[in-house]
Amino acid sequence: ANDSEYGLSSSIFSNDAARIFRFIDEIETGMTHVNSPTTGGEAHVPFGGIKSTGIGEREQGSTALDFYTELKVVYVDYTGRKREGNLY
Numbered sequence: 072a073n074d075s076e077y078g079l080s081s082s083i084f085s086n087d088a089a090r091i092f093r094f095i096d097e098i099e100t101g102m103t104h105v106n107s108p109t110t111g112g113e114a115h116v117p118f119g120g121i122k123s124t125g126i127g128e129r130e131q132g133s134t135a136l137d138f139y140t141e142l143k144v145v146y147v148d149y150t151g152r153k154r155e156g157n158l159y
C-alpha cells in the first residue's frame, strides 16, 4: 500500500490488535479507519493526506500551521459488527 504516490486514507479490517496497530504505525496515510470503511474527510478532525495527496497542508484550524508533524487520525471499531458507513 505504501508504494502508492498518494496517501489520503486507509482502512484495515481485522480482529488481531497487534496487526491493526502495526498497520497504523506503518501505513503512510493521513487518516486510517479500523474495522470501518474510509469515507474521506471528516469535518471535525484535521483533514488531509501525505505524499501527493491534496494541495498543501492539512485543513481545519491550527493544524494547518503545524507542518512539521505527520498527523494520523485513527478510527477503531471494536464491536465486531458489519459497518455499511460512518456517521460520527
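The numbering used here numbers the first residue of the sequence shown as 72 and each following residue consecutively.
Glycine is no exception: its CB is placed at the ideal position from the N, C-alpha and C atoms.
Keep in mind that this is a model prediction, so the values were computed, not measured.
Residues near H104 by beta carbon distance below 6 Å, same chain, minus five either side
Translated into the one-based positions of the sequence shown, residue 104 becomes position 33. Once the five neighbours on either side are set aside, the close Cβ partners of H104 are S82 and Y146.
Nearest to N73 by CA position, among D87, K122, R152 and N106, is which residue?
Taking the sequence shown and counting its residues from 1, one reaches residue 73 at position 2. When only C-alpha atoms are compared, the closest one is K122.
Tell me the DSSP secondary structure of I98 in three-state form.
Stepping through the sequence shown from its first residue, residue 98 is reached at position 27. Coil, per DSSP.
Span separating the alpha-carbon of G101 from that of I95:
As a working note, residue 101 is residue 30 in the sequence shown. As a working note, residue 95 is residue 24 in the sequence shown. About 10 Å.
By how many angstroms is the C-alpha of A88 removed from the C-alpha of T110?
Along the sequence shown, one-based indexing puts residue 110 at 39. Along the sequence shown, one-based indexing puts residue 88 at 17. Spanning the two alpha carbons is a distance of roughly 22 Å.
Per DSSP, which residues does I59 bridge with? Please list them.
With the chain covering only 72 through 159, there is no way to say anything about residue 59.
The beta strand (DSSP E) spanning Y146 covers which residue range?
In the sequence shown, residue 146 corresponds to position 75, counting from 1. That run of the beta strand (DSSP E) goes V144 to V147.
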